[in-house]
Amino acid sequence: MNNCQEIDGIREFLKKFREECIELRITYQTFHILFERDDGTVQLLHEAAAQFFDFIGRALQEYYILQVCRLTDPARQGGFTNFTHKRLNQLLCENNLLTSEIKNFSKGLDRYRELVLPARNKLIGHRDEKTVRNLISLGAHEQKDIDELFKNLNKYCDSVAESLRISYKNRGVEDAKLQDLQPLDMSWIPGPGDEQDLIKKLEEHRGWTQQYNAGEIPSYTGRTQKKNTDE
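Okay, so the sequence shown: first residue is 15 according to my numbering, each after it adds one.
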């Protein structure tokens with residue numbers, strides 16, 4: 015029989031792990047919407063503050079790779095226990111909760127990790143002299159690889175949740191007390207004040223600028239006044 019406290023601990027681990035997966039999804043979503051979705055948005059950002067948004071783009075790319083590698087690092091390194099899917103699998107295995115589905119989705123996460131790990135090791139986490147001085151590009155991959163990562167990540171978390179849910183059900187716990195172990199769709203996570211709101215504000219500013227240049231100047235009160243063309 016599994017130890018109840020250990021199972022509760024794994025449940026809390028999964029809750030926090032899902033939160034970090036959502037943060038990873040938001041990082042990718044922010045970069046994708048700002049810099050990859052359409053050329054018009056990229057042009058809008060460059061009109062507003064080219065240097066600033068170039069920096070933001072690079073920072074988001076590096077942070078994304080760091081997040082992926084942090085979530086998929088070994089369970090232990092240098093005497094420390096890591097908060098990763100491998101550590102979660104270790105805890106599941108110790109309590110006979112590691113299913114074949116969880117193992118399969120874990121392999122998918124590790125496949126993507128191998129695509130970006132060289133960039134983390136030689137450009138982001140550390141600066142390899144040869145790589146930097148020779149402008150060697152690392153970590154390149156295709157959109158389908160990213161799509162596969164998030165699909166595997168979502169299914170991995172849901173499979174862990176299902177394994178825990180079954181364990182609780184076998185103990186007589188009611189479904190009403192297991193709502194956090196239901197499937198959670200992490201494919202799209204919009205929110206107030208996100209990158210889409212930023213784009214809207216920049217578009218509004220562009221429209222105001224065009225009105226200003228045309229001679230119609232909106233005041234802060236919302237009224238408009240006509241430029242004096244006789245000056």
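Heads up, the beta-carbon is just placed ideally off N, CA and C, and yes, glycines get one too.
Give the DSSP bridge partners of residue i, in chain order.
| i | result |
| --- | --- |
| THR95 | ARG90 |
Quick check: the Cα distance between residue i and residue j, rounded to an integer number of angstroms?
| i | j | result |
| --- | --- | --- |
| LEU85 | GLY54 | 33 Å |
| PRO197 | GLY186 | 20 Å |
| GLU20 | TYR182 | 12 Å |
| GLY207 | LEU195 | 28 Å |
| LEU129 | GLU188 | 42 Å |
| ALA154 | LEU131 | 11 Å |
| GLU293 | HIS46 | Missing from the structure shown is residue 293; the chain here goes from 15 to 245 and no further. |
| LEU102 | ARG125 | 18 Å |
| ALA228 | ALA63 | 22 Å |
| THR98 | LEU137 | 22 Å |
| LYS31 | LEU152 | Per the sequence shown, the amino acid found at residue 31 is Phe instead of Lys. Those two C-alpha atoms are separated by around 27 Å. |
Could you say which of the options lies nearest to residue i if we only look at CA atoms?
| i | options | result |
| --- | --- | --- |
| GLN204 | GLU34, GLN43, GLU33 | Checking the displayed sequence, the identity of residue 204 turns out to be Pro instead of Gln. For PRO204, the nearest C-alpha among the options comes from GLN43. |
| LEU28 | ARG90, GLN224, ASP68, ASP172 | ASP172 |
Quick one: using the 10 Å Cβ neighbour count with 16 as the cut-off for buried, is residue i buried or exposed?
| i | result |
| --- | --- |
| VAL146 | exposed |
| GLN209 | Correcting the residue type first, residue 209 is Glu in the shown sequence and not Gln. With 16 or more Cβ atoms within 10 Å of its Cβ, GLU209 is classed as buried. |
| CYS18 | exposed |
| LEU149 | exposed |
| ALA190 | exposed |
| HIS219 | exposed |
| THR95 | exposed |
| ARG72 | exposed |
| CYS35 | buried |
What I want to know is whether the C-beta of residue i ends up closer than 7 Å to one or more non-hydrogen atoms of the ligand ATP.
| i | result |
| --- | --- |
| ASP87 | Questions concerning the ligand ATP fall outside what the structure shown contains, since it holds no ligand whatsoever. |
### Query
Enumerated in chain order, which unbroken segments of the alpha helix (DSSP H) with a length of 4 residues or greater are wholly contained in the stretch 105-141?
114-133
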